[in-house]
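Colleague: Residue numbers (this note's numbering): 442 to 816. Note that CB positions come from ideal geometry on N, CA and C, so glycine has one too. Below is a structure I'd like to ask you about.
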């Protein structure tokens, strides 16, 4: 039998990409238009519900956000915090791992389960959760608490708000703002917090009893192991039900830490900012139904800041969520690096969050249930 004669090779069609289906180009064009459109507010935030034991919550967190955590650790933590230098990264991860024993044992167990589920290096996770406390970066934010009097058809209590003003995490932040809804199985309080995948603590957090905490960067961290402030805020929100309990825990934090912390208790009508200054932790209470926090540390001196003036000027017009959203987006308040803007309305059981485009507060807030009471 004669052997088959091989057919001549078919020349490759020039520009293989030209053979892609037309619908591909249509989808790509629509996505590009959406991304560039001034009408698009960016991606919606993630919502992650974690419940059960610390190990279960860590495992579910790691599995649900595995690739996001790897990307944040690999791009931002490894390179930006590590300054593109292996020796710098090694030194900083070593110091971050020394933070591990300072954690609440339940948070430590959750961290180890998250590390295993996401398949990441422990040093990267701990560095990502503590680099601000260790003094490896600086940031700034603006917070407002408005006391809202009860009126016909509207609950009173507090509106607790915060603009997170910081860098874009190598462009990853807009796609990774996450609402964490945690229901521990060991008697700790339910909480709703804002953070990024891989974060064990919270940038802003509120518990089911209306106790809310937010942090502003207000100084330089120290290269010594201590419980990271964002984890301390979560621990306080999970374990405290009253303003007095939370205040006592905040007083135990290092007075030379890099954060000013806003604390409000909507059910009690109490709020204060705790500011580190000169090795002391000053407590600045609510005054006239308005409380503000930014990077202009005031201690016991009640000097007005730009934010304070704007908040007091806007308050008499009506302390509603819409009015507070407008304040957070005002030109003299909003910074160009605003990654997200959040409002906790515990009496109204609502969470308002602007995210996805920078500056976020100028794009408008999306509305979410807070704890879903009565729903």
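Please say whether residue 569 and residue 529 have beta carbons closer to each other than 8 Å?
Modeller: For the purposes of this step, residue 529 is taken as residue 88 along the chain shown, with counting starting at 1. For the purposes of this step, residue 569 is taken as residue 128 along the chain shown, with counting starting at 1. No, these two residues do not count as a Cβ contact at 8 Å.
Colleague: Beta-carbon separation of residue 715 and residue 659 under 8 Å?
Modeller: Translated into the one-based positions of the chain shown, residue 715 becomes position 274. Translated into the one-based positions of the chain shown, residue 659 becomes position 218. In this structure, residue 659 does not lie closer than 8 Å to residue 715 by Cβ.
Colleague: Just to confirm the assignment, what range does the alpha helix (DSSP H) spanning residue 684 have?
Modeller: Position 243 of the chain shown, counted from the start, is the residue given in the question as residue 684. From DSSP, the alpha helix (DSSP H) with residue 684 extends over 684 to 692.
Colleague: By Cβ distance below 8 Å, which residues in the same chain neighbour residue 564 in space, the five residues on each side in sequence not counted?
Modeller: Residue 564 sits at position 123 when you count from the first residue of the chain shown. 534, 535, 537, 538, listed in sequence order.
Colleague: Report, in whole angstroms, the separation of the C-beta atoms of residue 817 and residue 604, which I expect to be a contact under 8 Å.
Modeller: Within the shown structure, residues of the chain are numbered from 442 to 816, placing residue 817 beyond reach of any answer.
Colleague: Does DSSP classify residue 809 as helix, strand or coil?
Modeller: Translated into the one-based positions of the chain shown, residue 809 becomes position 368. Three-state result, residue 809: strand.
Colleague: At which residues does the alpha helix (DSSP H) containing residue 671 begin and terminate?
Modeller: For this step, residue 671 is matched to residue 230 along the chain shown. 670 to 680 is the span of the alpha helix (DSSP H), which, as asked, contains residue 671.
Colleague: So, with DSSP's three-state summary, where would you put residue 520?
Modeller: Stepping through the chain shown from its first residue, residue 520 is reached at position 79. Here residue 520 sits in helix by DSSP.
Colleague: Check for me: the beta strand (DSSP E) holding residue 733 runs from which residue to which?
Modeller: Start at 1 with the first residue of the chain shown, and residue 733 comes out as number 292. Taken as a continuous stretch (DSSP letters only), the beta strand (DSSP E) holding residue 733 covers 731 to 734.
Colleague: Assuming residue 709 contacts residue 684 under a Cβ cut-off of 8 Å, what Cβ separation, rounded to an integer in Å, is found between them?
Modeller: Counting from one through the chain shown, the residue named residue 709 turns up at place 268. Counting from one through the chain shown, the residue named residue 684 turns up at place 243. Contact flag correct, Cβ pair sits at about 5 Å.
Colleague: Which residues in the same chain have their Cβ closer than 6 Å to the Cβ of residue 655, if we skip the five residues on either side of it in sequence?
Modeller: Reading the chain shown from its first residue, position 214 is the one you call residue 655. So the list reads 584, 603, 645, 703, once near-sequence residues are dropped.
Colleague: Would the segment 668 to 684 and the segment 725 to 737 be scored as touching if the rule is three or more Cβ pairs under 8 Å?
Modeller: Judged by Cβ distances under 8 Å, the segment 668 to 684 makes no contact with the segment 725 to 737, as fewer than three pairs qualify.
Colleague: Can you name, in chain order, every residue of its own chain whose Cβ lies under 7 Å from the Cβ of residue 705, other than the five neighbours on each side?
Modeller: Residue mapping note: residue 705 aligns to position 264 of the chain shown, counting from 1. Excluding residues within five positions, the ones whose Cβ falls inside 7 Å are 586, 599, 601, 653, 712.
Colleague: So what does residue 645 bridge to, in DSSP terms?
Modeller: Position 204 of the chain shown, counted from the start, is the residue given in the question as residue 645. DSSP output for residue 645 lists 635, 655 as bridge partner(s).
Colleague: Taking residue 772 as the reference, which of 753, 745, 800, 794 has the closest Cα?
Modeller: Counting from one through the chain shown, the residue named residue 772 turns up at place 331. Nearest of 753, 745, 800, 794 to residue 772, Cα basis: 800.
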